[in-house]
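To start, the structure itself, in structure tokens.
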Amino acid sequence: MQTSTHSTPPVNHTLSKNQIAELEKVQSLTQIIFAQFKEHKAAVIGAYTILFFILVALSAPLIGKILGVNSENQNVFHRYKAPFSTISAGIDTRETAVRNYIQENPHEAILVQTELLKEEFVTSAHAEDALYDWARYEKRKALAAIRYLNVNENIKSDLRQIAKKFETFHVFGTDELGRDVLMRLIYGTRISMGVGILVALSAALIGLLIGAIAGYYGGFIDSALMRITDALLSLPTIPVLIVVCAIDLQKIPFVNSILSTGSESILKLVFILCIFSWMPVSRLVRASILSLREREFILASKTLGATDFTIITRHMFPNVIAPLLVSVTLGVGESILFEAALSFLGLGIQPPTPSWGNMLFNAQELIYQAPLLAILPGLLILFVTISFNYVGDGLQDAIDPKTIKR
Amino acid sequence: MINFILRRIVQTLIVIVILSYVCFGLMNLMPGDPVELMISSNPKITANDVIRLRSFYGLDQPLYKKYLSWAGDIIQGDLGYSRTYRIPVGDMMGPALAYTLILSILSLGFSLLVAIPLGILCALKPNSKVDYLVNLFSFAGISVPSFWLGIVLIIIFAVNLNILPAGGYQTTGMQYESWLDEIFDKAKYLILPVLSLSIQSIGRFSRFTRSAMLEAMRNDFIRTAKAKGLSAQVVIWKHGFRNALMPLITIIALSFSSIFSGALITEQLFAYPGVGRLLYSSIIGNDFNMAMISFMISVTMVLLMNLIADLLYGVVDPRVSYK
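Those protein sequences? They're chains X and U, same order as listed. If you use the working numbering, the first sequence corresponds to residues 68 to 473, in order. If you use the working numbering, the second sequence corresponds to residues 121 to 443, in order.
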């Protein structure tokens, strides 16, 4: 009997130690969520896009230095230049560069001036004018002249630095004031994404606070807070935002003292957007806290004598974090859209500070001269918002217990 | 039922009154007041005149008194004069409201027409190529700034192809021979605004229809209906869709609010003479009466839609009881 049962080929149930360890390894919730999130392809792409834009925003000054352009230099003679155009700098910028050089290195300057005259690159009446005359050349010619000068390498490299400023290269062309569009877009990334993230985070904080209080205490506090939430939710967003944005904050003494700094319009916008975007978060937090309130571990900590504050912050908030994260992510996209809409109407971020929205402010009038000016900022808004929305969607899928595969 | 409706109406009215007070206060915080405008247009005015004018117009009164006198006039049907247009606000508001309603309703209808079939299609074939495509499109729709889309549409259709007008509401100086002519002409001006206004709600609706429909099609009675041998059409529309309709109506009613408020930007972009454009231009131009009334109308419209949505639940789902 026994031999017959053994005659069938034994199924290999033995696993190697590694495989067993793999199976028995405890996965934390974060790991599960992360693994789940990685399966949502669009969300991962979105996350990388956001990362890329954040990096670009953070390294804005560096990019400016590498490209040799900045976001503020105006040049009315070179407005609406096409993408990939090079622009020779005005005489004044060249002469300033030369003047600075002469002031900082008077000895070398004299050397260069005599050399320039000796090699007959310039025909100046006075030796002092030699460098200024050299500065009138095109970048290529100026650089060529340097090569034949009989001066040491240090001076040559200094001169090359100056010659570099004679010409600027504009990847996306220039705008209505001759400013570099690419640099403005990059600095606009800072403002737009900064405003979006700041608004979403502070709205989440406000919502967390109000939702927690309403959900935990219930009763009159709950119904009062929820009526306010509902009333604010039922308002038409854009008209309300426009009315609020149009008010002169200087007429309110208290707010005025806070906002008297240079970046007033940014702070004002963040403040206003916060007031009108905490409601969804507070409803969400309230709903989860209502259900958490009845759970045993809350009862346990209550019997142990924990204060309300401890219960809410230590035991309830960790359970709310995941859905909160989703709503913050989605909130960033929405805030970026609102910022853009208000700035587009001229009520948000005030120029000259660039933001994607206010770069579109007069783009409508420019669609004939420079359609690209109207298209680029919007494309960036679209990319970033869609990324945030996909990441939010991915997170939602990842934390939803119904979809978690183990 | 009647009790519920009455209570909701009273609630809505209270919210409107509170809001009008808040808004009145906000308008007072806007830069400039009527007397300041007089000062700027008349250099000979003295400080005494300013004080006299302020007390003459009641501008030195506390806020609540100003509000009460304003509200009293409103109740008597006097909406005040527009400072910019120099005609009674009521005369401006009627046509503007009609234009905005046409724009909003058309774009609501258009987005439903596009989004619901798309959503159902996705729900019937989840995770198919069509589903992914529609999903991408919906995400793009939700994320795109509508004003930018409007600009792009203008660049494509009005500047490059030159087949649709870039803005306005009818051809200026046009003499219509028949009402059909008029409708065609005005429809031409509505195409781009409706498109740019609808895109966001199309994205939202199609995603929502998809999830509501998926949920509905998972029910046991769907299997029963299929087992009974009912045709696919009947199962989808009569059994599936009807049950998906309930959550859909909520989102549609709430979306009317966002369409109506989004119309402001679209109207501004396409120079379309609706309430939103009036509101914006009157706020920018310090036209207090106009700004107050147009703001109140926007808010009232939205609150009214929310009220209607609440009442519609009962029609769609008889299980909802009004308590």
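Ideal placement from N, C-alpha and C gives every residue a C-beta, glycine not left out.
Any Cβ of chain X closer than 8 Å to the Cβ of Gly394 of chain U would place that residue at the interface, and such an atom is absent.
The three-state secondary structure of Ile154 of chain X, taken from DSSP, is strand.
Under the three-state reduction of DSSP, Thr377 of chain X is assigned to helix. If you check the CB distance, Gly270 of chain U and Leu389 of chain U come in under 8 Å. Residue X:Ser138 holds the alpha-carbon nearest to the alpha-carbon of His237 of chain X among X:Ser138, X:Leu292, X:Glu220 and X:Asp289.
The beta carbon of Leu431 of chain U sits no closer than 8 Å to any beta carbon of chain X.
If you compare the alpha carbons of X:Leu134, X:Val165 and X:Pro173 with that of Ile154 of chain X, the shortest gap goes to X:Leu134.
In the structure shown, the three-state DSSP call for Thr81 of chain X is coil. Look at the region 386-411 of chain U: the residues with a C-beta under 8 Å from a C-beta of chain X are Gln388, Leu389, Gly396, Leu399, Tyr400, Ile403, Ile404 and Ala411. By the Cβ rule, the region 294-311 of chain X does not count as touching the region 361-374 of chain X, because fewer than three pairs are nearer than 8 Å. Phe230 of chain U is not bridged by DSSP to any residue. If you ignore the 5 residues before and after Val311 of chain X, its C-beta comes within less than 6 Å of the C-beta of Ile339, all in its own chain and listed in chain order. Inter-segment contact for the region 330-348 of chain U and the region 361-374 of chain U is present: three or more beta-carbon pairs are separated by less than 8 Å. A straight-line Cα-Cα distance of about 11 Å links Pro385 of chain X and Val352 of chain X. Closest in alpha carbon position to Ser344 of chain X, among X:Phe376, X:Leu404 and X:Ala313, is X:Leu404. The DSSP assignment places complete alpha helix (DSSP H) segments of no fewer than 4 residues inside the region 341-417 of chain X at 346-359, 363-370 and 384-411, in order along the chain. Taking C-beta atoms as the reference points, Leu183 of chain X and Ala197 of chain X count as a pair closer than 8 Å. Three or more Cβ pairs drawn from the region 206-219 of chain X and the region 167-184 of chain X lie within less than 8 Å of each other, which places the two stretches in contact. Annotation for Glu106 of chain X: no alpha helix (DSSP H) segment contains it, and DSSP assigns it neither H nor E.
By the beta-carbon neighbour count (other beta carbons within 10 angstroms, threshold 16), Ile388 of chain X is exposed.
With contacts defined as CB atoms closer than 8 Å, Leu409 of chain X and Gly424 of chain X qualify as a contacting pair. Contact between Arg330 of chain U and Ala243 of chain U holds: their C-beta atoms lie close to 5 Å from each other, under 8 Å. Its chain contains Ile165 and Val170 as the residues whose beta carbon lies nearer than 7 Å to that of Ile159 of chain U, once the 5 sequence neighbours on both sides are disregarded; these appear in chain order. Residues of chain X whose Cβ lies closer than 7 Å to the Cβ of Ser140 of chain U do not exist, since the nearest Cβ in that chain is about 12 Å away.
Nearest in C-alpha terms to Ile403 of chain U, of all of U:Ile125, U:Phe415 and U:Tyr392, is U:Phe415. In this chain, the alpha helix (DSSP H) harbouring Thr329 of chain U covers Trp299 to Met337. Assigned with DSSP and collapsed to three states, His237 of chain X falls in strand. Put simply, the region 412-431 of chain X touches the region 441-459 of chain X. At least three CB pairs are less than 8 Å apart. Pro418 of chain X and Ile253 of chain X have their C-alpha atoms spaced approximately 15 Å apart. Between Ala373 of chain U and Phe341 of chain U, the alpha-carbon positions lie close to 28 Å from each other.
With fewer than 16 other CB atoms across the displayed protein chains lying within 10 angstroms of its CB, Gln196 of chain U is exposed.
Those residues of the region 233-267 of chain U placed with their C-beta closer than 7 Å to a C-beta in chain X are Phe259, Ala260, Ile262, Ser263, Val264, Pro265 and Phe267, ordered along the chain. Burial check for Gly372 of chain X: the Cβ neighbour count within 10 Å stays below 16, so the residue is exposed.
Inter-residue distance for Gly261 of chain U and Asp251 of chain U is about 15 Å (C-alpha atoms, whole angstroms). Closer than 7 Å at the C-beta level to chain X, one finds these residues of the region 411-426 of chain U: Phe415, Ser418, Val419, Val422, Leu423 and Asn426. Approximately 13 Å separates the beta-carbon atoms of Ser381 of chain U and Asn426 of chain U; this is outside 8 Å, ruling out the contact.
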